[in-house]
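To start, the structure itself, in structure tokens.
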Amino acid sequence: MKISFARFATSAADYRDCPSAELPEFAFIGRSNVGKSSLLNMLCNQKALARVSQKPGHTRLINFFVVNEGWCLVDLPGYGYAKAPKAERNRFNDFVADYLEYREGLTHVFVLIDSRHEPQKIDIDFVTWLVECEVPFSLVFTKSDKSKPGRIKANRDLFLKALSEYVDGEPPTFITSSKNNDGRPELLRAIGTMIA
Ligand SMILES: Nc1nc2c(ncn2[C@@H]2O[C@H](COP(=O)(O)OP(=O)(O)OP(=O)(O)O)[C@@H](O)[C@H]2O)c(=O)[nH]1
Ligand SMILES: [Mg+2]
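In the working numbering, the protein residues as written are 10 to 205.
The following block contains the structure:
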């Protein structure tokens with residue numbers, strides 16, 4: 010799979026505002042600041058297609074990007090952004106949950122997890138919920154440039170072990186860095202296979 014062209018399509022502040030789903034969609038979700046927007050830019054080979062920020066909680070809308078005029082990448086707001094006011098937090102969670110549960114055309118969800126950390130309850134809870142909703146997903150361990158490979162694999166294995174207490178089977182996993190393009194070919198190959 011080669012990305013020859015990618016463009017921002019639209020943003021939605023609510024599930025009801027989403028454009029009609031005409032293309033297969035691949036969504037990025039994960040804790041605030043885990044690197045969702047950066048990964049989208051890395052895949053598309055563009056520096057500023059999706060907005061990246063050092064401050065967590067930056068992406069507050071569902072942002073749709075059309076790739077090769079044939080499929081969509083969707084940048085979702087991060088979960089677990091503690092600084093947002095509670096009412097706003099619940100509203101984000103509701104609309105992202107509606108998107109994940111009901112979106113027609115949603116082909117696959119990539120759940121991003123910071124490869125530097127041991128399993129966090131918020132990520133395990135989120136993935137368990139996705140499994141209950143029967144949404145197909147993979148796990149993407151991000152920021153691999155920040156730790157040694159052994160440490161990253163150990164954290165990944167711990168995550169899979171923790172998850173196995175709640176769900177059957179093992180999801181596909183990827184290890185990525187938006188700094189050095191680690192994992193880019195593997196992710197694009199996986200997307201290509203799912204579209205074919
Ligand atoms: N070293 C390194 N830094 C990264 C990587 N990916 C993202 N970052 C940095 O992490 C910070 C957050 O990145 P974003 O891509 O904005 O994260 P996000 O998940 O979209 O964040 P929200 O939209 O706030 O939920 C930025 O400072 C990025 O430069 C990576 O692979 N390696
Ligand atoms: Mg973002």
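Glycine included, C-beta positions come from ideal geometry on N, C-alpha and C.
- In the DSSP assignment, L167 falls within the alpha helix (DSSP H) that extends over P158 to S173.
- Here C142 is exposed. Its C-beta has fewer than 16 other C-beta atoms within 10 Å.
- In this structure T185 is buried. Its beta-carbon is surrounded by 16 or more other beta-carbon atoms within 10 angstroms.
- Between R40 and G87, the alpha-carbon positions lie close to 5 Å from each other.
- The three-state secondary structure of E143, taken from DSSP, is coil.
- In the structure shown, F14 falls within a coil segment according to DSSP collapsed to helix, strand and coil.
- In the DSSP assignment, R40 is bridged to Y88.
- Annotation for L197: the continuous alpha helix (DSSP H) segment containing it runs R193 to I204.
- Proximity of the stretch 143-154 to the stretch 173-183 meets the contact definition, three or more beta-carbon pairs being nearer than 8 Å.
- Contact between the stretch 196-205 and the stretch 156-165 is absent: fewer than three C-beta pairs spanning the two stretches fall below 8 Å.
- Of the residues assessed, K56 falls on the exposed side of the cut-off, its CB having fewer than 16 other CB atoms within 10 angstroms.
- Distances taken from the Cβ of V83 to the heavy atoms of ligand 1 include none shorter than 7 Å.
- Your pair F104 and T19 does not check out as a contact, with CB atoms roughly 15 Å apart and the cut at 8 Å.
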